[in-house]
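Offset between the sequence shown (1-based) and my numbering: plus 3.
No residue lacks a Cβ here, since even glycine has one placed at the ideal position from N, Cα and C.
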Amino acid sequence: MPAAPISVGQSLAHNSAGPDGRTAVTHVESIAVVMPNGELKRVSRTAHRELFSLVAGGLGLFGAPYSVALNNRSL
4 MPAAPISVGQ
14 SLAHNSAGPD
24 GRTAVTHVES
34 IAVVMPNGEL
44 KRVSRTAHRE
54 LFSLVAGGLG
64 LFGAPYSVAL
74 NNRSL
């Protein structure tokens, strides 16, 4: 059985390689994360930096990615 396609959220949770071989987080501007208490929080390299670094590659342990804003200039 073929493997299921990987979503952007899954790729970010694992910090997999992006389309150019660099890590997925390289191409991310911001992430909307559903926190364990149900709060929706937008994180980026400038807003909530520590949480941003935990969510990228955090396997969903620090919140569930709801949406991801990509930087298309980096692609």
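Integer Cβ distance of R45 from S56, believed to fall under 8 Å: Going by Cβ atoms, the distance from R45 to S56 rounds to 15 Å, so no, they are not a contact pair.
Buried versus exposed call for A27 [16 or more other C-beta atoms within 10 Å across all chains shown]: buried
Rounded to the nearest angstrom, what separates L64 and E53 at their Cα positions? 14 Å
Starting from R45, follow its DSSP beta bridges and name the residues at the other end. A35
Could you check if G41 is buried or exposed, using at least 16 other CB atoms within 10 Å of its CB as the buried criterion? exposed
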